[in-house]
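Scroll down for the structure; my scribbles are underneath it.
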Amino acid sequence: ENMGAQMVKEVASQANETAGDGTTTATVLAQSIVNEGIKAVTAGMNPMD
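Residues 267 to 315 in this note's numbering are what the sequence shown spells out, letter by letter.
Encoded structure:
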């Protein structure tokens, strides 16, 4: 399975377990974090920093 999809699935699951809700919010935030990470790496940032 796609590693990114698995990560988002885990984020949503953890939000549901912790707060009982918020899976959509957690998924949207995770997508935003991934998008910003891609922009940073594309701009030359080391992904391990």
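Every residue gets a Cβ at the ideal spot worked out from N, C-alpha and C, and that includes glycine.
None of the values given here were measured: they were computed from a predicted structure.
| query | result |
| --- | --- |
| Proximity of residue 270 and residue 307 at Cβ, strictly below 8 Å | no |
| Residue 273 vs residue 296 beta-carbon contact at 8 Å | yes |
| Element boundaries [alpha helix (DSSP H), containing residue 269] | 269-285 |
| Alpha carbon of residue 280 to alpha carbon of residue 286, nearest angstrom | 9 Å |
| For residue 306, the three-state DSSP class (helix, strand or coil) | helix |
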